[in-house]
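Trainee: For what it's worth, our numbering labels the leading residue of the sequence shown as 3, then goes sequentially.
Don't be surprised by glycine CBs; every beta carbon is placed ideally from N, CA and C.
All values reported here derive from a predicted model rather than from experimental measurement.
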Amino acid sequence: MAGRRNSGRIEPSFEVEDDHEDDDLRIDEDDRVTRTSKRKAKASARKPAAAPRGKSPARRRTRSGGGIFAPIRFLAYWCIVLGIWGGMGIGALVLYYGAQMPSATTWSIPARPPNVKIASTDGTVIANRGTTGGEAVPLEQMSPYIPQAVLAIEDRRFYSHFGIDPFGLARAMVTNLTTGRMVQGGSTLTQQLAKNLFLSPERTMERKVQEVLLAFWLEHKYTKDEILAMYLNRVFFGSNAYGVEAASRRYFGKSARDVNLGEAALLAGLLKAPSRLSPARDPEAAEERAQVVLGAMRDAGFVTDGEITTAMSQPPTRAKSYWSGAEHYAADLVMDQVPKLVGDITEDLVVETTIDLDLEKKADEAITAVIDAEGEKLGASQAALVSIDGTGAIRALVGGRDYATSQFDRASKAKRQPGSAFKPFVYAAALEMGRSPQSVRNDAPVRIGKWTPENYDQKYRGEVTLADALANSLNTIAAQLVMEVGPNQVIKLAHRLGIESEMQSNASIALGTSEVSLVELTSAYAPFMNGGYKATPHIIRRISTAAGKVLYENTYDNPPRVLQPEIVAMMNGMMVGVITHGTGKNANIPGWQAAGKSGTTQSFRDALFVGYTSNLTTGVWFGNDDGKSMKKVTGGGLPAKAWSRYMTAAHEGLSPSPLFGLGGGDLPVAAVGPGTDPAGQDSWAEMVARALGTSSTQTSPDAVPAAIPDRQIDDVGLPVPPADVGQQQQPQTRRSTLLDVLMGG
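#1: Can you check the segment 103-169 for any beta strand (DSSP E) of at least 3 residues that lies completely inside it and give the ranges in chain order?
#2: By the three-class DSSP mapping on this structure, what secondary structure does D404 have?
#3: Cβ of P115 within 8 Å of Cβ of T133?
#4: Is W581 helix, strand or coil when you go by DSSP?
#5: Which same chain residues end up closer than 7 Å to A333 when comparing Cβ atoms and leaving out the 5 residues on each side of it in sequence?
#6: Measure the alpha-carbon distance for S383 versus G601 and round it to whole angstroms.
#7: Give me the Cβ distance between I542 and N560, rounded to the nearest whole Å; I'm assuming they're in contact under 8 Å.
#8: Does DSSP put K587 in a helix, a strand or coil?
#9: To the nearest angstrom, how far is the alpha carbon of G381 from that of I390?
#10: Under 7 Å Cβ to Cβ from Y558, same chain only, skipping five residues before and after it: list those, please.
#11: Where do the ends of the alpha helix (DSSP H) carrying N532 lie?
#12: Is it true that the segment 133-144 meets the segment 286-305, where meeting means three or more beta-carbon pairs spaced less than 8 Å apart?
#13: Among L195, S516, D260 and L387, whose alpha-carbon lies nearest the alpha-carbon of I234?
#14: Out of P455, N444, N588 and K551, point me to the one whose CA is closest to V466's CA.
#15: Does M90 pass the burial test, meaning 16 or more other C-beta atoms within 10 Å, or should it be called exposed?
#16: Please work out which residues of its chain come closer than 8 Å, Cβ to Cβ, to N262, disregarding the five sequence neighbours upstream and downstream, and give them in chain order.
#17: Helix, strand or coil, according to DSSP, for K599 in the structure here?
#18: Taking contact to mean 3 or more Cβ pairs, one atom from each stretch, closer than 8 Å, check whether the segment 479-492 and the segment 424-436 are in contact.
#19: If you reduce the DSSP assignment to three classes, tell me which class W594 lands in.
#20: Output the residue ranges of the beta strand (DSSP E) runs that lie fully inside the segment 252-320 and measure 3 residues or longer, sorted by chain position.
#21: Quick one, which of A512, K256, I569 and A549 has its alpha-carbon nearest P439's?
#22: Considering only C-alpha positions, which residue in the set P426, I369, G436 and F427 is nearest to Y405?
#23: Sort K197, V237 and F238 by Cα distance to F218 and report the nearest one.
#24: Going by beta carbon distance, what residues of the same chain come within less than 8 Å of T267, once the five residues before and after it are set aside?
#25: Who are the Cβ neighbours of R647 in its own chain at under 6 Å, not counting the five residues just before and after it?
#26: In whole angstroms, what separates the C-alpha of D717 from that of T454?
#27: Which residue's Cα is closest to the Cα of A644: R158, K634, F624 and D628?
#28: Apart from the five residues just before and just after T636, which ones in its own chain have a Cβ nearer than 6 Å to its Cβ?
#29: R543 lies in the beta strand (DSSP E); which residues open and close that run?
#30: Residues in the same chain with beta-carbon distance under 6 Å from Q595, minus the five sequence neighbours each way, listed in chain order, please.
#31: Out of Y79, P641 and F71, point me to the one whose CA is closest to E376's CA.
#32: Determine the burial state of K536: buried for a count of at least 16 other Cβ atoms within 10 Å of its Cβ, exposed for fewer.
#33: If the criterion is Cβ atoms closer than 8 Å, does the pair V428 and V492 meet it?
#34: Rounded to the nearest angstrom, how far is the Cβ of M505 from that of A496, given a contact under 8 Å?
#35: When the distance is taken between beta carbons, is S605 closer than 8 Å to D358?
#36: Using DSSP bridges, identify the partner residues of S438.
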């Protein structure tokens with residue numbers, strides 16, 4: 003202890019070592035000496051400042067700065083934490099959305115929509131109809147390039163993953179993040195199949211979870227090959243084509259069994275954007291995508307550089323904008339009839355038709371050639387053709403100028419007036435009543451009630467035979483014959499031969515004023531070709547399942563007789579004259595005997611020619627869908643030209659044969675029928691005998707004629723009917739007394 007003097011007093015002073023730097027012990031203000039400050043100065047001079055006890059500088063720096071591994075440890079820690087929580091969240095989502103689904107024990111693959119395969123007479127596929135547009139092809143039967151191309155571009159690890167591909171998913175995520183947009187998808191083929199089979203296309207978390215669960219189920223339930231086959235036979239390839247077979251038919255006109263490398267690459271490329279990349283819409287884009295697929299196939303080891311070079315050297319595929327070709331009119335007609343024959347379509351069917359694709363092509367070419375050459379000039383925008391054989395089997399059918407432009411079938415669905423093409427039924431009815439081709443009538447002005455029919459050229463020829471009248475399509479003679487035999491008799495004969503449409507019983511039926519379809523009109527001509535037997539038009543021969551079970555087979559092999567042979571022979575002779583020296587000269591077929599009749603409706607709205615050889619009966623129509631008049635186009639013009647063009651091509655390589663009853667000549671021996679005099683007029687004795695019911699020339703029971711209406715003579719000496727045109731006529735009874743014959747003429 004030391005003392006210190008201050009103001010006469012001695013104050014004690016202490017020197018205390020104190021480690022506490024923040025002590026604040028001070029002398030009073032008068033001394034103005036700070037003990038603490040002096041002590042700090044001395045301590046500072048004696049030794050350096052000591053570090054905090056127990057803490058080295060290096061250790062202090064590590065805690066405050068963290069070191070170089072701290073971020074890694076931090077990241078790893080939180081990744082683990084987030085992974086655990088993420089896994090728990092995903093598990094919860096899977097459990098939640100999985101609970102919304104039916105029990106897995108009830109899951110099953112939905113049946114593939116049934117396909118109808120339509121084949122020609124030689125088995126060639128005409129078309130496939132149904133939701134998918136094509137049949138299912140087993141994986142081992144399709145071109146090997148197709149699955150290779152799809153796997154290379156869509157799911158290269160298909161045979162190694164378990165339904166989902168973590169590597170592919172990660173790659174897609176990275177690619178999409180780096181590009182800033184969706185350029186890759188991480189779904190496997192199994193996931194895509196699950197989506198296509200069971201789910202809607204909406205993009206939601208629920209759908210994605212369900213897709214994964216279904217993918218696991220598919221992988222557990224089916225083999226990889228089965229999954230791949232299901233995918234390839236159901237996936238959408240654009241242009242209404244589902245499955246590789248439908249797409250191959252649609253774009254290449256061939257089966258998936260015959261697809262080459264370049265075509266397979268194009269098909270696989272469509273899967274990214276079927277509608278946008280369709281070669282029917284953008285062939286250049288489709289080809290560019292196919293090149294990408296080829297590169298992927300090379301990288302996957304499926305093909306070599308040489309094979310790719312060969313594929314790239316092939317011309318690019320340019321599919322038409324829609325199914326084209328006249329054969330699709332026939333396919334549509336088949337589909338109209340199949341449900342009527344076998345009921346609802348619940349499984350794949352094979353329909354064997356009567357269509358000859360070679361004749362179908364020639365028919366299409368004939369129609370197109372004529373309408374392209376003269377149609378625009380003459381105001382004809384549409385045409386139709388149907389060709390049948392002697393049994394009624396439809397061998398070729400063209401429903402319009404261009405199927406891609408209009409799918410309406412004008413051959414079977416449209417009904418129009420046949421015009422003078424209906425006259426053969428009038429003449430056949432007259433022959434059944436005892437007239438003959440050499441019977442003479444007077445071509446002169448005639449009035450039937452308020453109707454005064456005129457000839458096309460408005461000229462009159464005086465006395466003419468029925469054969470000449472038909473050859474030159476004289477309206478006055480046809481009108482007279484209708485009134486002689488009665489409209490009802492004409493209608494009965496037309497129905498018997500194959501006309502099914504309702505017809506009006508009046509005198510104007512002589513000029514074909516009742517509407518019919520081209521198919522039924524043509525089939526009604528066939529009895530003239532085949533010797534008098536009904537030719538029911540049909541296009542389906544057989545319907546069977548894909549397994550070969552026959553569900554339907556037609557029974558048109560035993561048709562009934564509808565015309566007596568002598569009537570057929572006389573009609574053939576008369577209609578040969580139409581082509582040799584009448585209105586149908588343009589329908590001539592070099593080297594072949596042909597017969598037929600032209601028809602033209604009022605104001606040139608419709609023009610037809612129906613004719614036949616010993617092999618085929620064919621009808622052709624020209625006109626406009628809106629009923630607009632053509633520029634003086636008659637049945638002997640454009641229709642006869644198209645008919646001749648088609649029939650000439652159809653008979654190439656065949657040996658000519660005469661028509662029934664003609665034996666190679668222009669007129670049959672039966673041209674002058676029984677009960678006629680050499681001039682062709684009915685003999686007086688025969689008229690009396692028929693009136694009394696004792697004639698030896700009565701028609702057969704199969705062709706019983708209706709009664710002959712009375713002739714009435716008006717004040718100007720012209721025949722008139724019992725009723726005005728357009729009114730229903732009551733059936734007349736035949737006069738049965740000699741007095742009636744003598745007095746009524």
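Mentor: So, from the data block:
#1: 117-121 and 127-132
#2: Numbered from its first residue, the sequence shown carries residue 404 at position 402. DSSP places D404 in coil when its eight states are reduced to three.
#3: Indexing the sequence shown from 1 puts residue 115 at position 113. Indexing the sequence shown from 1 puts residue 133 at position 131. Yes, they are a contact pair.
#4: Within the sequence shown, the letter at position 579 stands for residue 581. Rather than Trp, the amino acid found at residue 581 in this sequence is Ile. It is helical.
#5: Indexing the sequence shown from 1 puts residue 333 at position 331. Within the same chain, A333 has close Cβ partners I120, I128, A129 and R131.
#6: Within the sequence shown, numbered from 1, the residue matching residue 383 stands at position 381. Within the sequence shown, numbered from 1, the residue matching residue 601 stands at position 599. The straight-line gap from Cα to Cα measures roughly 18 Å.
#7: For the purposes of this step, residue 542 is taken as the residue at position 540 of the sequence shown. For the purposes of this step, residue 560 is taken as the residue at position 558 of the sequence shown. About 17 Å separates the two Cβ atoms, so there is no contact after all.
#8: Taking the first residue of the sequence shown as position 1, residue 587 is located at position 585. In the structure shown, the three-state DSSP call for K587 is helix.
#9: Locating residue 381 in the sequence shown gives position 379, counting from the first residue. Locating residue 390 in the sequence shown gives position 388, counting from the first residue. Distance between the alpha carbons of G381 and I390: 28 Å.
#10: Position 556 of the sequence shown, counting from 1, holds the residue named residue 558. T393, G394, T538 and H540, listed in sequence order.
#11: Residue mapping note: residue 532 aligns to position 530 of the sequence shown, counting from 1. Unbroken alpha helix (DSSP H) run through N532: L520 to N532.
#12: no
#13: Position 232 of the sequence shown, counted from the first residue, corresponds to residue 234. Going by the sequence as given, residue 234 is Leu instead of Ile. Answer by Cα proximity: L195.
#14: For the purposes of this step, residue 466 is taken as residue 464 along the sequence shown, with counting starting at 1. It is N444.
#15: As a first step, residue 90 must be located in the sequence shown, where it is residue number 88. Of the other Cβ atoms in all chains shown, fewer than 16 fall within 10 Å of the Cβ of M90; this residue is therefore exposed.
#16: Position 260 of the sequence shown, counting from 1, holds the residue named residue 262. Excluding sequence positions up to five before and after N262, its CB lies within less than 8 Å of the CB of S145, Y147, A313 and Q316, all in the same chain and listed in chain order.
#17: By 1-based counting over the sequence shown, the position of residue 599 is 597. In the structure shown, K599 sits in a strand (DSSP, three-state: E or B).
#18: yes
#19: If you number the sequence shown from 1, residue 594 lands on position 592. In the structure shown, W594 sits in coil (DSSP, three-state: anything other than H, G, I, E or B).
#20: none
#21: Residue numbering aside, residue 439 sits at position 437 when the sequence shown is read from its first letter. When only C-alpha atoms are compared, the closest one is I569.
#22: Residue numbering aside, residue 405 sits at position 403 when the sequence shown is read from its first letter. Looking at the Cα atoms, I369 is the closest of the given residues.
#23: Stepping through the sequence shown from its first residue, residue 218 is reached at position 216. The option with the nearest alpha carbon to F218 is K197.
#24: Start at 1 with the first residue of the sequence shown, and residue 267 comes out as number 265. Here residue 267 is Ala; the residue named in the question, Thr, does not match the sequence. The answer, listed in chain order, is Y147, A151, A292, Q293, V295, L296, M299 and A313.
#25: On the sequence shown, position 645 is the one that residue 647 refers to. So the list reads A368, once near-sequence residues are dropped.
#26: Locating residue 717 in the sequence shown gives position 715, where the first residue counts as 1. Locating residue 454 in the sequence shown gives position 452, where the first residue counts as 1. For D717, the pLDDT reaches just 31, beneath the cut-off of 50, and the residue's location in the model is therefore unreliable, leaving the point undetermined.
#27: On the sequence shown, residue 644 is found 642 positions in, with the first residue counted as 1. The option with the nearest alpha carbon to A644 is F624.
#28: Position 634 of the sequence shown, counted from the start, is the residue given in the question as residue 636. For T636, where only same-chain residues beyond five positions count, the Cβ hits under 6 Å are T602 and A609.
#29: Within the sequence shown, the letter at position 541 stands for residue 543. Run containing R543: I542 to T547, per the beta strand (DSSP E) assignment.
#30: Locating residue 595 in the sequence shown gives position 593, where the first residue counts as 1. Same-chain partners within the cutoff: P660 and L661.
#31: The residue labelled residue 376 in the question sits at position 374 within the sequence shown. Selected option, being the one with the closest Cα: P641.
#32: As a working note, residue 536 is residue 534 in the sequence shown. It counts as buried.
#33: Within the sequence shown, the letter at position 426 stands for residue 428. Within the sequence shown, the letter at position 490 stands for residue 492. It is a contact, given that the beta carbons lie within the stated cut-off.
#34: Here residue 505 corresponds to residue number 503 of the sequence shown, with the count starting at 1. Here residue 496 corresponds to residue number 494 of the sequence shown, with the count starting at 1. About 7 Å separates the two Cβ atoms, so the contact holds.
#35: To locate residue 358, count along the sequence shown from 1; it is residue 356. To locate residue 605, count along the sequence shown from 1; it is residue 603. No, the pair does not count as a contact, with Cβ atoms beyond the cut-off.
#36: As a working note, residue 438 is residue 436 in the sequence shown. Partner(s): none; S438 has no beta bridge.
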